[in-house]
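Residue numbers (this note's numbering): 51 to 332.
From the three backbone atoms N, C-alpha and C, an ideal C-beta is built for every residue, glycine too.
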Amino acid sequence: MRCYLCPVKCGADREIGAGACGVKGISVAKAYLHPFEEPFLSPHQRSGAVFFAGCSLRCVFCQNFDVSRARRGKELTPKELADLFRDLEAQGAENLDLVTADHVLPWVGEALSLYRPRVPVILNSGGYVTADALRQVDQFIDVYLPDFKFADPLLAERFTGRRDYPEVAAEALRFMAKKPSLTAGGQLKSGLAVRHLVLPSHTEDSKRVLDLLAGLVPLDAPLSLMRQYTPMGEIAGFPELNRRVTDREYDRVIGYAAELGFTNIFAQEKESADKKFIPDWD
Ligand code: SF4
Numbered sequence: 051m052r053c054y055l056c057p058v059k060c061g062a063d064r065e066i067g068a069g070a071c072g073v074k075g076i077s078v079a080k081a082y083l084h085p086f087e088e089p090f091l092s093p094h095q096r097s098g099a100v101f102f103a104g105c106s107l108r109c110v111f112c113q114n115f116d117v118s119r120a121r122r123g124k125e126l127t128p129k130e131l132a133d134l135f136r137d138l139e140a141q142g143a144e145n146l147d148l149v150t151a152d153h154v155l156p157w158v159g160e161a162l163s164l165y166r167p168r169v170p171v172i173l174n175s176g177g178y179v180t181a182d183a184l185r186q187v188d189q190f191i192d193v194y195l196p197d198f199k200f201a202d203p204l205l206a207e208r209f210t211g212r213r214d215y216p217e218v219a220a221e222a223l224r225f226m227a228k229k230p231s232l233t234a235g236g237q238l239k240s241g242l243a244v245r246h247l248v249l250p251s252h253t254e255d256s257k258r259v260l261d262l263l264a265g266l267v268p269l270d271a272p273l274s275l276m277r278q279y280t281p282m283g284e285i286a287g288f289p290e291l292n293r294r295v296t297d298r299e300y301d302r303v304i305g306y307a308a309e310l311g312f313t314n315i316f317a318q319e320k321e322s323a324d325k326k327f328i329p330d331w332d
C-alpha cells in the first residue's frame, strides 16, 4: 500500500521499500532510560525514550543525524515494539517518550493497542505531521511534545527542504492543543508542551516562532527554549550554523517569550550545547 502519511506524501510502497523518510516499517535506533528530558516530563530523570530511525524532515543541522537519516536502527514488529514499551516501564520509566515517530504513527498505534503503559505516553514530534495522522493515534497519546522549528517558509526550505513546515506545524499544534492539560506530582500527565531550538544567527525567526505560538497555544503551556544546538550534520554550505548560540542571542529569545506573556518557560544551561548530551547510538 502506498504511503501518504506525512506531508511529504512520497507515495512509497513501504511493504517493499523505504520512503523519503528513510524507513520501511518501524526501525528503532535506541531505547533506554534517558536522563536529559525536561523536569516536567521526567521529574526523576527516567524518561523511557524510544528513538525511531528515519525522519520525514531533512534538517541540515540535525542533532541526531545518524538516526534521522536511518543509518542506525533495528527493524521491529508492532508486537516487538509493544514488548519494548513494557520493558522500559518495568525498568522504572516514568513516561514513554516516542522520539520522532511522525513517520511511523500507524505502527506505533498498533503497538500501543497491544500494550498501553500506565505511565504517560509522550509523542515527541518534529512538528511536521498532519492532523489526519495524529487522529490515528490520539487515543493513545497523553502528552504532545512538538517542536516548532521555523516561522519563515524560506528559512524552513533552506534548512529542511520543506517550505510548508510553518503551516503544517501550526495545523498540528492546533490539533495537539485540544489535549486536556493535567499536571500531578510535578509531572505533566496530559496536555501539550512545545519546544523550540534556538539556532545561531536566527533569533529574529525564533521571535516570529514565538509570535505564532502565542496565538496557537495557551500562554501557560510549558515552553522549552533549547540552547543545546551543536554544529553537526550537513552544515558545510551554511557558515552561520557553524557555531553555538551566544548568551546574547539566547537571552533575546527568552526575554521575548517573557514579554509575550509565556509563564512556563524552560531554559537550558549554556553547557547543554555539548555532544556529550547526545545519546550514543550503540
Ligand atoms: S511517512 Fe515516509 S513513506 Fe510515508 S509519505 Fe512520508 S516520507 Fe513518504
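- Distance between Ile172 and Gly123, taken at the CA atoms: about 20 Å.
- As computed with DSSP, Val100 is found in a beta bridge with Ala81 and Leu148.
- Under the three-state reduction of DSSP output, Ala317 falls in the strand class.
- In this structure, the beta-carbon distance from Pro196 to Gly177 falls below 8 Å.
- For Thr233, the enclosing beta strand (DSSP E) has its first and last residue at Leu232 to Ala234.
- A distance below 6 Å between beta-carbons, with the five flanking residues on each side excluded, links Ser163 to no residue of its chain.
- For secondary structure counted as the beta strand (DSSP E) over 3 or more consecutive residues, the stretch 138-189 holds these complete runs in sequence order: 145-149 and 171-175.
- Burial state of Glu319 is exposed, judged by a 10 Å Cβ sphere holding fewer than 16 other Cβ atoms.
- Under the DSSP assignment, Pro203 falls in the alpha helix (DSSP H) whose first and last residues are Pro203 to Thr210.
- When the five nearest sequence neighbours on each side are left out, the beta carbons in the same chain lying within less than 6 Å of the beta carbon of Arg96 are those of Leu83, Gly142, Ala143 and Glu144, in order along the chain.
- Sequence-distant Cβ neighbours of Met276 in its own chain, meaning closer than 8 Å and more than five residues away, are Arg245, His246, Leu247, Val248, Gln318 and Ser322.
- In this structure, the C-beta of Leu55 approaches the ligand SF4 to less than 7 Å from one of its heavy atoms.
- Taking the Cβ of Arg64 as the reference point, at least one heavy atom of the ligand SF4 falls within a distance shorter than 7 Å.
- Looking at the DSSP output, Gln237 sits in a beta bridge with Ala234.
- Contact between Ala70 and Ala62 is confirmed by a C-beta separation of about 7 Å, below the 8 Å threshold.
- Contact check for Ala151 against Phe102 passes: the beta carbons are separated by less than 8 Å.
- Within the DSSP secondary-structure output, His246 pairs in a beta bridge with Leu275.
- A distance of 8 Å or more separates the beta carbons of Leu269 and Phe225.
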